[in-house]
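**Q**
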Amino acid sequence: MSPLPDDSATLHRRFARLGIGDRHKHLIRSAVSNLPLQAGQHDAARSLGRQLTRTGTTVSAVTAGLALLIRLGEAEDVPYLSALGLLRELTRPAIDALDILDRRSSAVIWLIAYTRHDELRPLVRALWTGDPQAIRTELEAFSAAPRFLSTTAARRIAEATRLPDLLDQHPSDTALLARAGRLLVRMGCTRDTPTDLLAYHDALTLYESVVTRARLLPPTLDHHATLLSLALDLSSGPGMLLDWPPGRRTALLESLGRLLAEPQWASLADTDADEADQRLRAGWIRRTGRQPFMRPATPGRLRVEIVAGDPVDREPVETRILLDERPLVPAVFARGPAHSPDHLLDDGRLRAGPEPREVQIAEACCTEGCCGALYVTIRREGDHVVWEDWRRPPTMPGSRELAPELPAYRFDAAAYDAEIARAETDRSWSWPARTMARLIKAGLMERPELLSRWDARRGWISSGFNDPDTTVVTFSYAPGLAAGKPDGIPLQFCWVITDNGTSPEAQAAAALRRLAEEDPKTYGQVCGGNRERAEELGFPWPDGT
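The numbering of the sequence shown is the numbering used here, which starts it at 3 and goes up by one.
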């Protein structure tokens, strides 16, 4: 590419001579992205990009043209970029170019290329045809369950439908308003990619539209859950990181607080619900309903908020750490949620001891081995606690931009210790099955012989993911494991305990007694290892796996 070719034919010949082919498309894009261009070369480079994208005959040549138009494209290029985006080999660079020039077109192409769920296809077809009535109808109709709606899909749907404009055109459409709120909630989901909320250019406008019109929504548990989720996001989640005008975020949060405190909304959580999901949601609202509106009178430099998300969406329980009133994990990591209080608080990992200690604050949803984790070293220094020596992936989420080095943070030691102690003893967010899990885990840590006598070792213990009203106890087993000389690869077992309505303390005590008296392999189910090992040890392998 240097010197800049005069025309597309010259570049085709140059690529052929150098043996550059389709397999080099990523290298081509990187090289063109970093190609030095003087101001006087911009018109020639743009013209070359247009020739390559409109007449190029190889993926490598068209990729070079797309890379030039990512830098230099104009509105007249949008139809050509949209057409190229439908070709699988060229989708990604075409979308990147369109993102700069025309967000709606980019979003439509993204949805066409990457939608895998049949539930979304009627909406995608309506977006492709551009029929306004069909778009509105299908936008309100599709299932917005998390399994169908990633954070990126939520953002792209909002961009493709021009959602703020649609709300302005139909101000009394409460189904559309509810769907807009739902899309905002999904965009800010920390279990997925919360950077999608920050990448959505109209996020502030959409928050304004949804929150200021929230009073139009009929008071239902689903609507209450949506508004409460938005409030949690505005009070301690990624929504705090948007470029808010002074005082506006707080005003919107207070508006939600007043609305949800009104009797017709506040009483929803106390009504009898027939469906299991609605019962889960009602219990969550009872526990969490006022949390985002109870701000400390004088916020310190450190604030720790334990936030349990909507259980119907299977949102995680996070230990949200706010430094100088900014949520740490979405601001500097954003590849997954902050760790649970089980990990950070129950085991005392955030306490500042006499020796420096490195702590993993968050891990990527896809595991650390794939996309990394966020670490900090915590140490005590006289009257201060210091967080320093941060470790995280070298680039910013969704970008090749190098992540800046994070500064050290210093806290008054007394204030720090008080905040960590407060967070460690806060159980207001918990529910019976989760409390039972914590008590069983604590009992097994105090009395490891309850499992070791059965050649078993404690594993993950928490509330169930698919059914939060169950407690899941996992353990490993192999002959000789307790003596430190396991005979072969261990099997993993899972014991699921359903909440029976008695106190969590009583249920945990009963579970520990059963572990002491009965071999847990007789009532737990094999959930890991391999079929051959299970058969060798005389245990049935679970059906369907």
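Positions of the beta carbon are idealized from the N, C-alpha and C atoms, including for glycine.
All figures in this text were calculated on a predicted structure; none of them were measured in a lab.
#1: The beta strand (DSSP E) spanning Thr321 covers which residue range?
#2: Rounded to a whole number of angstroms, what is the C-alpha to C-alpha distance between His44 and Leu74?
#3: Where does Arg305 fall in DSSP's three states?
#4: Counting only runs that start and end within the stretch 349-406, where is the alpha helix (DSSP H) found for 4 or more residues in a row?
#5: Which residue wins for smallest C-alpha separation from Ala156, given the options Ser174, Ala109, Asn502?
#6: Is there at least one Cβ from chain B nearer than 9 Å to Leu71's Cβ?
#7: Nearest by alpha-carbon distance to Arg337: which of Asp391, Pro247, Thr153 is it?
#8: My assumption, with CB atoms under 8 Å, is that Ala423 sits in contact with Asp457. Please give the rounded CB distance.
#9: Report the option in Leu208, Ala420, Asp391, Pro396 whose CA atom is closest to the CA atom of Pro409.
#10: With DSSP as the reference, label Trp462 as helix, strand or coil.
#11: Between Ala397 and Ala405, what straight-line distance do the alpha-carbon atoms span, to the nearest angstrom?
#12: For Thr500, is the classification buried or exposed, using 16 other Cβ atoms within 10 angstroms of its Cβ as the cut-off for buried?
#13: To the nearest whole angstrom, what separates the beta carbons of Ser4 and Leu37, a pair I think is in contact under 8 Å?
#14: Can you tell me whether His226 is buried or exposed, with buried defined as 16 or more other CB within 10 angstroms of its CB?
#15: From which residue to which residue does the alpha helix (DSSP H) around Trp267 run?
#16: Which residue marks the beginning of the alpha helix (DSSP H) containing Leu129, and which one marks its end?
#17: Would you be able to state if there are at least three C-beta pairs under 8 Å between the stretch 217-237 and the stretch 301-319?
#18: Starting from Asp419, trace the alpha helix (DSSP H) in both directions and tell me its first and last residue.
#19: Just mark Gln527 as buried or exposed, buried being the case when its beta carbon has 16 or more other beta carbons within 10 Å.
#20: Consult DSSP for Ile22 and reduce its assignment to one of helix, strand or coil.
#21: Considering only the alpha carbon of each residue, which of Ser257, Glu264, Leu219, Tyr479 lies closest to Ser1?
#22: Which residue from Pro450, Glu121, Pro395 puts its Cα closest to that of Cys372?
#23: Under 8 Å, with one C-beta from each stretch per pair, do the stretch 316-329 and the stretch 197-208 reach the 3-pair mark?
#24: Taking DSSP as the reference, what is the three-state secondary structure of Gly530?
#25: Given that a residue counts as buried once 16 or more other Cβ atoms are within 10 Å of its Cβ, and exposed if not, what is Ile491?
#26: What's the gap between the Cα of Val34 and the Cα of Leu330?
#27: For Thr476, does the three-state DSSP call read helix, strand or coil?
#28: Three-state secondary structure (DSSP) at Arg412?
#29: I'd like to check one pair, Leu243 with Leu200: are the Cβ atoms closer than 9 Å?
#30: Any heavy atom of the ligand FAD closer than 8 Å to the CB of Glu407?
#31: Measuring alpha carbon to alpha carbon, tell me which of Pro81, Ala47, Leu89 ends up nearest Leu71.
#32: For Leu493, name the three-state secondary structure that DSSP assigns.
#33: Have a look at Pro173, Arg181, Thr197, Leu223 and flag the residue whose alpha-carbon is nearest the alpha-carbon of Arg215.
#34: Which residues mark the beginning and the end of the alpha helix (DSSP H) in which Leu230 is found?
#35: List the whole-angstrom C-beta distance separating Ala511 from Leu452, where the pair is believed to meet the contact cut-off of C-beta under 8 Å.
**A** If we stick to the structure as given:
#1: Here residue 321 refers to the residue found at position 319 of the sequence shown. 319-325 is the extent of the beta strand (DSSP E) around Thr321.
#2: Locating residue 44 in the sequence shown gives position 42, where the first residue counts as 1. Locating residue 74 in the sequence shown gives position 72, where the first residue counts as 1. Between His44 and Leu74, the C-alpha separation is close to 7 Å.
#3: Residue mapping note: residue 305 aligns to position 303 of the sequence shown, counting from 1. Reduced to three states, the DSSP call for Arg305 is strand.
#4: 370-373
#5: Along the sequence shown, read from residue 1 onward, the residue named residue 156 stands at position 154. Closest option to Ala156, Cα to Cα, is Ala109.
#6: Among the protein chains of the structure shown there is no chain B, as only one such chain exists.
#7: One-based indexing of the sequence shown puts residue 337 at position 335. Taking only the C-alpha atoms, the option nearest Arg337 is Thr153.
#8: Here residue 423 is taken as the residue at index 421 of the sequence shown, counted from 1. Here residue 457 is taken as the residue at index 455 of the sequence shown, counted from 1. Actually they are not in contact, since the Cβ atoms of Ala423 and Asp457 sit about 38 Å apart, beyond 8 Å.
#9: Residue mapping note: residue 409 aligns to position 407 of the sequence shown, counting from 1. Nearest neighbour of Pro409 by Cα position, chosen from Leu208, Ala420, Asp391, Pro396, turns out to be Asp391.
#10: Working through the sequence shown from its first residue, we reach residue 462 at position 460. Here Trp462 sits in strand by DSSP.
#11: Indexing the sequence shown from 1 puts residue 397 at position 395. Indexing the sequence shown from 1 puts residue 405 at position 403. The displayed chain sequence assigns Thr, not Ala, to residue 397. In a straight line, the C-alpha of Thr397 is about 5 Å away from that of Ala405.
#12: Counting from one through the sequence shown, the residue named residue 500 turns up at place 498. With fewer than 16 Cβ atoms within 10 Å of its Cβ, Thr500 is classed as exposed.
#13: Within the sequence shown, the letter at position 2 stands for residue 4. Within the sequence shown, the letter at position 35 stands for residue 37. Rounded, the Cβ-Cβ distance is 6 Å, consistent with contact.
#14: Looking up residue 226 in the sequence shown gives position 224. Buried, by the Cβ-count rule.
#15: As a first step, residue 267 is located in the sequence shown; it is residue number 265 there, counting from the start. Where Trp267 is concerned, the enclosing alpha helix (DSSP H) stretches over 265-268.
#16: Residue 129 sits at position 127 when you count from the first residue of the sequence shown. That run of the alpha helix (DSSP H) goes 123-131.
#17: yes
#18: For the purposes of this step, residue 419 is taken as residue 417 along the sequence shown, with counting starting at 1. It spans 415-427 - the alpha helix (DSSP H) in which Asp419 sits, taken as one unbroken run.
#19: Within the sequence shown, numbered from 1, the residue matching residue 527 stands at position 525. When all chains shown are included, Gln527 counts as exposed.
#20: For this step, residue 22 is matched to residue 20 along the sequence shown. Correct three-state label for Ile22: coil.
#21: A question about residue 1 goes unanswered here, because the residues of the chain that appear run from 3 up to 547.
#22: The residue labelled residue 372 in the question sits at position 370 within the sequence shown. Out of Pro450, Glu121, Pro395, Pro395 has the C-alpha closest to the C-alpha of Cys372.
#23: With the rule of 3 Cβ pairs closer than 8 Å, the stretch 316-329 does not count as touching the stretch 197-208.
#24: Locating residue 530 in the sequence shown gives position 528, counting from the first residue. Three-state DSSP puts Gly530 in a strand.
#25: Taking the sequence shown and counting its residues from 1, the one referred to as residue 491 is at position 489. With fewer than 16 Cβ atoms within 10 Å of its Cβ, Ile491 is classed as exposed.
#26: To locate residue 34, count along the sequence shown from 1; it is residue 32. To locate residue 330, count along the sequence shown from 1; it is residue 328. Their backbone Cα atoms lie some 35 Å apart in a straight line.
#27: For the purposes of this step, residue 476 is taken as residue 474 along the sequence shown, with counting starting at 1. Looking at Thr476 - three-state DSSP - the assignment turns out to be strand.
#28: Counting from 1 along the sequence shown, the entry for residue 412 is found at position 410. Residue state, collapsed to three classes: strand.
#29: Against the sequence shown, residue 200 aligns to sequence position 198. Against the sequence shown, residue 243 aligns to sequence position 241. In this structure, Leu243 lies closer than 9 Å to Leu200 by Cβ.
#30: Absence of the ligand FAD is noted for the structure shown, with no ligands found whatsoever.
#31: For this step, residue 71 is matched to residue 69 along the sequence shown. Comparing Cα-Cα distances from Leu71 to each of Pro81, Ala47, Leu89, the minimum goes to Ala47.
#32: Along the sequence shown, one-based indexing puts residue 493 at 491. The answer is strand: DSSP assigns Leu493 an E or B state.
#33: Residue mapping note: residue 215 aligns to position 213 of the sequence shown, counting from 1. Nearest of Pro173, Arg181, Thr197, Leu223 to Arg215, Cα basis: Pro173.
#34: Stepping through the sequence shown from its first residue, residue 230 is reached at position 228. Segment 223-238, the alpha helix (DSSP H) holding Leu230.
#35: To locate residue 511, count along the sequence shown from 1; it is residue 509. To locate residue 452, count along the sequence shown from 1; it is residue 450. With a Cβ gap of about 12 Å, Ala511 and Leu452 do not count as contacting.
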